[in-house]
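Residues 41 to 214, numbered by our numbering, are exactly what the sequence shown covers, in order.
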Amino acid sequence: MRGFETAPLTQVKRGLEKPTSQRNIVAGLLGRKEEHDLCRYLNFQAFDIFSHEIEIYTEIEKFSWLEKNNFSIPEIELVKNEKQIENIIQEAKEFMSSGNYLIDGLVFSFNNLKLHDELGETAHHPRYKMAFKFQGESKQTVLNSITWQISRMGLLHLWVKLGQLKYVERRFQE
Numbered sequence: 041m042r043g044f045e046t047a048p049l050t051q052v053k054r055g056l057e058k059p060t061s062q063r064n065i066v067a068g069l070l071g072r073k074e075e076h077d078l079c080r081y082l083n084f085q086a087f088d089i090f091s092h093e094i095e096i097y098t099e100i101e102k103f104s105w106l107e108k109n110n111f112s113i114p115e116i117e118l119v120k121n122e123k124q125i126e127n128i129i130q131e132a133k134e135f136m137s138s139g140n141y142l143i144d145g146l147v148f149s150f151n152n153l154k155l156h157d158e159l160g161e162t163a164h165h166p167r168y169k170m171a172f173k174f175q176g177e178s179k180q181t182v183l184n185s186i187t188w189q190i191s192r193m194g195l196l197h198l199w200v201k202l203g204q205l206k207y208v209e210r211r212f213q214e
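Spelled out as structure tokens, the structure:
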């Protein structure tokens, strides 16, 4: 089974900082060496299952099986034309500002699982799915200085000193 964890934005009420990146906040909570109370409130959403015992032929059937077996799943929709794709992109943009958890894009997939087998995967990505990422927020600041340092291992590190930057209710300086 494959899936992902979400940290509902209601976590802020429990003491979690307002997240700017869903992946970072979940990875931060799960990667801690000590147990943290907030991990109890993470939500797992399943998006794939691997089994030779279950006969599933489409993505829609796969998500129906997962839901029928009490797994939380991400919102899915079968689209058949370009207008529906445009509507889904607009709905996702609205969810980004008002949804219960953070998203940074959408994933489009061919519904026919036999086509998944035929197209295969690269070393890192399936050829039968396409990630559609929304452009991130950008801000301007001043580049105050650049410093190059060589580590003990001989690696060259670049350090930049930036002017103050306000980003999503946090201030970053130097």
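Ideal placement from N, C-alpha and C gives every residue a C-beta, glycine not left out.
| Asked | Found |
| --- | --- |
| Residues bridged to LEU202 [DSSP beta-bridge criterion] | LEU183 |
| Nearest-angstrom Cα separation, counted from SER185 out to ARG167 | 43 angstroms |
| Cα-Cα separation, LYS102 to LEU198 | 47 angstroms |
| Beta bridge counterpart(s) of TRP105 as assigned by DSSP | None, per the DSSP bridge assignment. |
| Cβ neighbours of ASN151 in the same chain (closer than 8 angstroms, five flanking residues each side left out) | THR98, GLU99, ILE100 and LEU118 |
| Assigned exposure category for THR240 - 16 Cβ within 10 Å defines buried | With the chain running from 41 to 214 in the structure shown, residue 240 is simply not present. |
| For PHE44, the first and last residue of its enclosing beta strand (DSSP E) | 42 to 46 |
| Residue(s) in a DSSP beta bridge with ASN152 | THR98 |
| Rounded distance between the beta-carbons of ASP88 and MET136, thought under 8 angstroms | In fact, because the Cβ distance is near 24 angstroms, the residues do not count as touching under 8 angstroms. |
| Cβ neighbour criterion (16 or more within 10 Å) applied to ALA67 | exposed |
| Contact set for PHE212: own chain, Cβ-Cβ below 6 angstroms, skip 5 residues either direction | With a pLDDT of 48 at PHE212, under the threshold of 50, the modelled position of this residue cannot be trusted; read the value that follows with caution. Hits under 6 angstroms: LEU205. |
| Backbone CA spacing between LEU183 and ASP144 [nearest angstrom] | 27 angstroms |
| Contacting residues, own chain, Cβ-Cβ under 8 angstroms from PHE172 (five flanking each side not counted) | ILE129, GLY145, LEU146, VAL147 and PHE148 |
| Where ARG211 falls: helix, strand or coil (DSSP) | With a pLDDT of 49 at ARG211, under the threshold of 50, the modelled position of this residue cannot be trusted, and the question is left open. |
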